[in-house]
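J.:
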Amino acid sequence: MNASNINPIPIRSKPRNLASAVVEHLTARIKSDDLQVGEKLPTESEIMQVYSVSRTVVREAISQLKAAGLVETRHGIGTFVLAPSHHLGLQNSSIVTVRDVLDVLEVRISLETEAAWHAATRRTESQVDELREVLQQMRDTVATGAHSVEADVRFHLLIARATGNQYFMELLGHLGHTLIPRARLNTAQLNHDDPGAYLGRVQHEHEAIFNAILRKDSEAARAAMRTHLSNSRERLRLAQEVIEGGA
1 MNASNINPIP IRSKPRNLAS AVVEHLTARI KSDDLQVGEK LPTESEIMQV
51 YSVSRTVVRE AISQLKAAGL VETRHGIGTF VLAPSHHLGL QNSSIVTVRD
101 VLDVLEVRIS LETEAAWHAA TRRTESQVDE LREVLQQMRD TVATGAHSVE
151 ADVRFHLLIA RATGNQYFME LLGHLGHTLI PRARLNTAQL NHDDPGAYLG
201 RVQHEHEAIF NAILRKDSEA ARAAMRTHLS NSRERLRLAQ EVIEGGA
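Each step along the sequence shown adds one to the number in the UniProt record's numbering, with nothing skipped, and position 58 is 58.
Okay, here's the thing in structure tokens:
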């Protein structure tokens, strides 16, 4: 496949949404078989031309597609569409109950605490700048009383990327997109929690993670991530008690 096989669709979203827009379009084409299993995606330059976006946006989009298990990159050759059987098994449709979310959060605690440790020791200044920008986006949304799920997912993906380990990016990227929206909404609603207070607590936890990574304090980053995810799990556990009590 080459760039001529994709309809040119210039994206006019805000900068932080450009990669997501590219991902959505390419994902739709993959799921509709317009891009078939084993087919090679266009080059970075071709995708840049088709969507009128920067190379950074293209690379972020490809990273997200890889994290979702839709494509794989073969070094020196290109990026190819994966067969459905190669996709990671944790799909939105398989995570239905609060119990499901609690179980996967246990996996996230194990993986993301180590990811935070590595990110603190390996992160670059540009990655710190990206984390700072996303953190500010979350502050802005919390201030308006809105949820910040998209920025939350991005925050965790950036930490995974800062590890320099592509497998953290692939595994945690998928888990983050699967869990954060569902966990965030269920917890606040089921516990009858004040949305502003709830989001404020989550924001404070993100700030602690960021500050530890900023200082390159790996142990503090690990501890802050464990606190954040453990708190998320406890909030969901309480929500599960509400559900079982109601039943």
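Even glycine gets a Cβ: it sits at the ideal position worked out from N, Cα and C.
For the putative contact between residue 18 and residue 50, defined by C-beta atoms under 8 Å, what is the C-beta separation to the nearest angstrom?
T.: Position 18 of the sequence shown, counting from 1, holds the residue named residue 18. Position 50 of the sequence shown, counting from 1, holds the residue named residue 50. Rounded, the Cβ-Cβ distance is 13 Å, inconsistent with contact.
J.: Give the DSSP-derived three-state secondary structure of residue 216 in the structure shown.
T.: Mapped onto the sequence shown, residue 216 falls at position 216. Three-state result, residue 216: coil.
J.: If the criterion is Cβ atoms closer than 8 Å, does the pair residue 29 and residue 44 meet it?
T.: Here residue 29 is taken as the residue at index 29 of the sequence shown, counted from 1. Here residue 44 is taken as the residue at index 44 of the sequence shown, counted from 1. No.
J.: Between the C-alpha atoms of residue 233 and residue 127, what's the straight-line distance to the nearest angstrom?
T.: Translated into positions along the sequence shown, residue 233 becomes position 233. Translated into positions along the sequence shown, residue 127 becomes position 127. Rounded to whole angstroms, residue 233 to residue 127 spans 27 Å at the Cα level.
J.: Report the three-state DSSP secondary structure of residue 125 (helix, strand or coil).
T.: As a first step, residue 125 must be located in the sequence shown, where it is residue number 125. Helix at residue 125.
J.: Use the C-beta contact count for residue 241: other C-beta atoms within 10 angstroms, 16 or more gives buried, fewer gives exposed.
T.: Walking along the sequence shown from the start, residue 241 turns up at place 241. Classification for residue 241: exposed.
J.: With three or more C-beta pairs closer than 8 Å as the rule, is the stretch 115–130 touching the stretch 205–219?
T.: Yes: at least three Cβ pairs fall under 8 Å.
J.: Looking at the structure shown, is residue 78 part of a helix, part of a strand, or coil, going by DSSP?
T.: For the purposes of this step, residue 78 is identified with residue 78 of the sequence shown, where counting begins at 1. Reduced to three states, the DSSP call for residue 78 is strand.
J.: For residue 201, I'd like the list of residues in its chain whose CB is within less than 8 Å of its CB, leaving aside the five on either flank, ordered along the chain.
T.: On the sequence shown, position 201 is the one that residue 201 refers to. Only 231 meet the Cβ criterion.
J.: In three-state terms, what does DSSP make of residue 141?
T.: Here residue 141 refers to the residue found at position 141 when the sequence shown is read from its first residue. Here residue 141 sits in helix by DSSP.
J.: If you drop the 5 nearest sequence neighbours on each side, which residues of the same chain put their C-beta closer than 7 Å to that of residue 86?
T.: Within the sequence shown, numbered from 1, the residue matching residue 86 stands at position 86. Model confidence at residue 86 stands at a pLDDT of 47, short of 50, so the residue's coordinates are unreliable; what they give is reported in the following sentence. Excluding residues within five positions, the ones whose Cβ falls inside 7 Å are 69.
J.: Considering only DSSP beta bridges, list what residue 72 is partnered with.
T.: Counting from one through the sequence shown, the residue named residue 72 turns up at place 72. For residue 72, which the question treats as bridged, DSSP gives the partners 80.
J.: Answer with buried or exposed for residue 144, where buried requires no fewer than 16 other C-beta atoms within 10 angstroms of its C-beta.
T.: By 1-based counting over the sequence shown, the position of residue 144 is 144. Its Cβ having fewer than 16 others within 10 Å, residue 144 is exposed.
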